[in-house]
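Below is one structure, written out as structure tokens; comments come after it.
Number of protein chains: 2
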Amino acid sequence: MNDLSKYMQQIGKRAKIAARIIAKADSGQKNKALAVIAEQLELQEEKILQANALDMQAGQEKGLDAALLDRLELNKERVAAMAEGLRQIIALPDPVGAIEHLNARPSGIKVGRMRVPLGVIGIIYESRPNVTADAAALCLKSGNACILRGGSEAKHSNQAIGNCIRDGLLAAELSVDVVQVIETTDRNAVGELIRMEDTVDVIIPRGGKGLIERISKEARVPVIKHLHGVCHVYIDDAADLQMAKSIAFNAKTQRYGTCNTMETLLVSESIAAAVLPELAEMYQAENVELRGCEKTCEILSGCLAATDDDWDEEYLAPILSIRIVNGIEGAMDHIHQHSSGHTESIVTSDYSQAMRFLREVDSSSVMVNASTRFADGFEYGLGGEIGISTNKLHARGPVGLEGLTTQKYIVLGDGHIRQ
Amino acid sequence: MNDLSKYMQQIGKRAKIAARIIAKADSGQKNKALAVIAEQLELQEEKILQANALDMQAGQEKGLDAALLDRLELNKERVAAMAEGLRQIIALPDPVGAIEHLNARPSGIKVGRMRVPLGVIGIIYESRPNVTADAAALCLKSGNACILRGGSEAKHSNQAIGNCIRDGLLAAELSVDVVQVIETTDRNAVGELIRMEDTVDVIIPRGGKGLIERISKEARVPVIKHLHGVCHVYIDDAADLQMAKSIAFNAKTQRYGTCNTMETLLVSESIAAAVLPELAEMYQAENVELRGCEKTCEILSGCLAATDDDWDEEYLAPILSIRIVNGIEGAMDHIHQHSSGHTESIVTSDYSQAMRFLREVDSSSVMVNASTRFADGFEYGLGGEIGISTNKLHARGPVGLEGLTTQKYIVLGDGHIRQ
């Protein structure tokens with residue numbers, strides 16, 4: 001075993017011990033730690049910004065692109081936002097220990113389910129240093145120990161934030177190993193972490209599709225993954241035209257770079273000529289490039305011809321593909337084939353069509369008459385979110401505190417034995 | 001790609017198409033299929049027993065041991081029990097489509113969660129042919145397509161049962177691909193199945209620890225696994241002596257070969273001398289071999305010395321290891337180190353100790369004053385069970401219909417867009 005392996009194994013062992021401590025901490029103790037972390041982020045603002053300046057300088061020297069540098073950069077507002085985020089997590093109800101469905105059985109025992117932490121969570125992320133505070137806080141509140149592996153370009157920032165976290169854990173008399181920020185920037189540390197099945201219970205990667213695919217492929221530990229968002233809006237024959245235009249416009253243009261942004265608009269053939277021309281004008285006024293199927297191009301003269309690849313593309317940009325389909329069946333077939341399983345929405349005034357779409361579309365969020373942009377933890381009322389899962393098992397959709405827990409059965413007897 | 005790969009890929013593709021069909025079938029249609037399958041099992045009893053006779057003969061010629069032959073054998077009673085099992089599943093509520101926690105959000109959208117099937121379930125099992133009917137029925141009722149891979153020694157029996165399933169699917173006008181019984185006995189079929197991530201959503205192996213460990217190691221598809229049961233009863237200082245003896249006796253001797261049988265008894269030091277001698281007599285009257293720690297052997301003269309390996313052993317036999325521990329802390333430390341995460345029980349009259357044990361022990365079932373033998377799907381009221389999961393993610397503990405489903409978010413709007 002090489003030095004890196006040994007180092008990571010030690011981190012795993014410490015996390016596993018810390019997991020037992022944080023699992024039994026009560027809400028008051030966990031909230032105290034979070035409050036002190038928030039306070040320390042504010043008190044140590046200068047140190048954090050100095051550390052971030054080192055990262056920014058190194059990033060510029062390495063020639064990182066502007067978007068990456070923007071994600072890496074911290075300023076007073078961003079540090080304040082981190083502290084505010086922690087205070088919001090303090091205000092959320094503690095999921096741990098909640099008991100559901102406790103019922104008596106014919107044998108006399110009472111059987112229910114208790115919500116408990118997952119144990120040790122490994123989080124792998126890229127350049128944003130605020131993830132260090134966010135992820136640590138969500139794990140801590142949900143009673144989990146965590147191992148944080150941020151991008152090497154943010155190493156000074158992450159360690160400075162990690163110091164504030166350590167102060168909070170100490171103040172609440174919790175083990176500092178509850179949140180461990182990995183110090184080495186050795187790329188192989190990720191490879192070790194995702195294979196530590198004996199000490200790590202789940203891996204949550206946050207980053208680009210490439211990172212997540214690679215991790216999913218190589219991991220021995222279960223991965224809660226969010227691959228990408230190829231989201232659809234389907235305008236049904238029975239749609240209200242005004243509503244359809246408003247939702248389709250909002251789902252694309254309210255923000256381009258988010259995973260819940262619509263990438264493909266599906267329109268039922270019978271309504272296409274009535275809805276598309278005005279909608280196209282609205283998009284073009286925002287400089288959204290339109291790529292349509294053959295029938296769409298017949299209706300919209302300024303539309304480019306979509307290629308087969310367009311239907312699987314997450315543009316994250318002012319580009320929209322449009323396809324005219326043969327009613328709800330055609331829409332659901334297209335979604336079944338091309339969706340990434342993130343979020344789809346139907347616009348319709350027909351009750352039966354709405355119910356069919358809700359029931360039959362197999363994505364983490366399925367909507368009726370609403371913009372796909374609503375698919376996130378805050379809008380759903382989960383408080384914070386650690387990501388949006390496109391897994392089917394365990395957590396699906398926005399993952400908040402509850403997604404970081406599991407349930408165990410509890411049985412209350414009074415001397416009951418099996419006959 | 002070789003022929004086996006092609007064959008398995010075809011099965012996967014057919015299953016994926018069938019999954020969309022069964023996902024939207026209503027309860028009446030699914031129950032009709034189940035009713036006809038039950039009826040056909042009874043009508044085709046003779047054919048099934050003839051097929052089973054071929055398997056039994058081949059098994060005897062191959063020199064399979066008596067326990068394996070017993071598991072393989074079908075008779076009139078066992079066929080009737082299969083049909084009865086199906087009728088019990090008909091009576092269970094359909095989990096699919098149930099909506100929970102539908103609440104309005106400040107934005108005006110309503111957000112809830114709808115229970116939906118997992119999709120395609122691959123089940124890998126060993127010699128018992130009744131699993132073919134049980135597993136197919138549970139998957140069908142929960143709206144999933146399934147691919148069944150039974151033991152090669154049961155191939156004729158499984159195909160005969162598969163014919164009844166096919167008749168039921170046809171009678172309910174469902175695709176026969178909803179339940180596919182793999183015909184090839186090529187051992188590599190399992191290796192293919194567990195890597196078909198594009199078409200299979202989850203693998204459930206049912207069998208010995210070796211099979212399950214191998215599958216977990218090689219699978220690319222998520223596995224709901226049940227490794228083994230090293231279950232504990234802890235007799236606390238504050239235990240009622242009569243109750244402690246009754247539960248500890250029942251948890252070991254009610255049945256030896258089940259995964260929820262106690263394998264190690266933990267006794268608090270202060271109560272050991274009061275409880276162990278009489279309990280040992282009760283075990284010895286049943287010819288249970290006792291293997292104790294040093295302190296236990298001081299109290300019980302007829303006790304063998306336990307080795308380190310005993311604490312991790314699933315005996316599935318009339319053997320019990322006994323360890324005297326330093327109160328609840330010592331018990332929980334032992335459990336943390338040696339439990340397989342299946343089921344643990346505390347016997348105590350002390351409220352605080354009971355609450356601590358419930359909260360801090362991290363197993364799929366945690367009990368107070370009840371025999372570990374209660375840990376199963378029927379006793380918990382789940383109706384049937386497809387296995388007992390020792391996973392932390394997704395299904396944990398006995399897995400019934402609900403464990404074969406997942407949830408998606410649904411959003412009901414009325415033209416809502418994101419501001």
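Residue numbers (this note's numbering), protein chains in the order written: chain A, 1 to 419; chain B, 1 to 419.
No residue lacks a Cβ here, since even glycine has one placed at the ideal position from N, Cα and C.
8 Å Cβ shell around residue i - same chain, five flanking residues per side excluded
i        : result
B:Arg149 : Gly122, Ile123, Ile124, Tyr125, Ile182, Ala189, Val190, Leu193
B:Ala238 : Thr348, Ser349, Asp350, Gln353
B:Ile335 : His232, Tyr234, Leu266, Glu344, Val361, Ser363
A:Gly257 : Leu316, Ala317
B:Ile48  : Leu41, Leu74, Val79, Ser157, Ala160, Ile161, Cys164
A:Gly302 : Ala280, Gln284, Leu290
B:Gly327 : Asp236, Asp237, Ser268, Glu269, Ser270
Nonlocal neighbours in the same chain, by C-beta distance under 6 Å from residue i, ignoring five residues either side
i        : result
A:Val267 : Ile235, Ile324
B:Asp312 : His338
A:Arg195 : Arg220
A:Cys139 : Ile121, Cys146
A:Pro398 : Asp376, Gly377, Tyr380, Leu382, Glu385, Ile388
A:Ala172 : Gln29, Lys32, Ala33
B:Val411 : Ile109, Val111
B:Met262 : Cys231, Val233, Ala251, Lys252, Thr372
B:Phe357 : Ile346
Presumed contact (8 Å Cβ cut-off) between residue i and residue j, rounded CB distance
i        : j        : result
A:Ser365 : A:Ala375 : 4 Å
A:Thr264 : A:Ser321 : 5 Å
A:Thr132 : A:Ile161 : 4 Å
B:Ala18  : B:Val178 : 5 Å
A:Gly387 : A:Ile204 : 6 Å
B:Leu69  : B:Gln57  : Contact doesn't hold; Cβ gap of about 11 Å is too wide.
B:Glu73  : B:Asn52  : 7 Å
B:Ile215 : B:His226 : Their Cβ separation, rounded to whole angstroms, is 11 Å, which puts B:Ile215 and B:His226 out of contact at 8 Å.
B:Leu92  : B:Val202 : The pair is not a contact, with the Cβ atoms about 20 Å apart (cut-off 8 Å).
A:Lys155 : A:Asp55  : 7 Å
Delimiting residues of the beta strand (DSSP E) encompassing residue i
i        : result
A:Tyr7   : Per DSSP, A:Tyr7 belongs to no beta strand (DSSP E); it is in the alpha helix (DSSP H), 3-24.
B:Arg149 : 145-149
B:Pro479 : A query on residue 479 of chain B cannot be resolved here, the shown segment of chain B reaching from 1 to 419 and no further.
B:Val116 : 110-117
B:His232 : 231-235
B:Ser440 : What is shown of chain B runs 1 to 419, which leaves residue 440 of chain B out entirely.
A:Ile121 : 120-125
A:Val366 : 365-370
A:Glu289 : 289-292
Own chain residues within Cβ distance below 7 Å of residue i, not counting five before or after
i        : result
B:Tyr409 : Val111, Arg113
A:Ala35  : Ile90
B:Ser27  : Asp94
B:Asn391 : Ile224, Lys225
Beta-carbon proximity check, residue i vs residue j, cutoff 8 Å
i        : j        : result
A:Asn158 : A:Val120 : no
B:Glu278 : B:Pro318 : no
A:Thr406 : B:Leu393 : yes
A:Asp78  : A:Asn130 : According to the sequence provided, residue 78 of chain A is Arg. The question's Asp does not apply to it. Closer than 8 Å, so yes.
B:Gly381 : B:Leu401 : no
B:Glu153 : B:Ser127 : yes
B:Ile247 : B:Asn369 : yes
B:Glu274 : B:Leu300 : Per the sequence presented here, residue 274 of chain B reads as Ala, with Glu not at that position. It is not a contact, given that the beta carbons lie outside the stated cut-off.
B:Lys24  : A:Arg206 : no
A:Ala83  : A:Ala38  : yes
A:Thr199 : A:Lys6   : no
Extent of the continuous alpha helix (DSSP H) to which residue i belongs
i        : result
B:Leu102 : Taken as a continuous stretch (DSSP letters only), B:Leu102 belongs to no alpha helix (DSSP H), being part of the beta strand (DSSP E) at 99-104.
A:Glu84  : 76-91
B:Val275 : 269-285
A:Val36  : 27-43
B:Phe374 : Unbroken run through B:Phe374: none, as it is neither H nor E.
A:Asp312 : It is not in any alpha helix (DSSP H) - A:Asp312 carries neither H nor E in the DSSP assignment.
B:Arg128 : Careful: B:Arg128 lies outside any alpha helix (DSSP H) and carries neither H nor E.
B:Ala66  : 66-72
Handout entry: In chain order, each alpha helix (DSSP H) run of at least 4 residues that lies wholly inside the segment 379-415 of chain A
Key = none
Handout entry: In chain order, each beta strand (DSSP E) run of at least 3 residues that lies wholly inside the segment 328-353 of chain A
Key = 343-347
Handout entry: Those runs of the alpha helix (DSSP H) which lie wholly inside the segment 137-198 of chain B and span at least 4 residues
Key = 155-171, 188-193
Problem - Whole runs of the beta strand (DSSP E) within the segment 214-260 of chain B, excluding any shorter than 3 residues - result: 231-235
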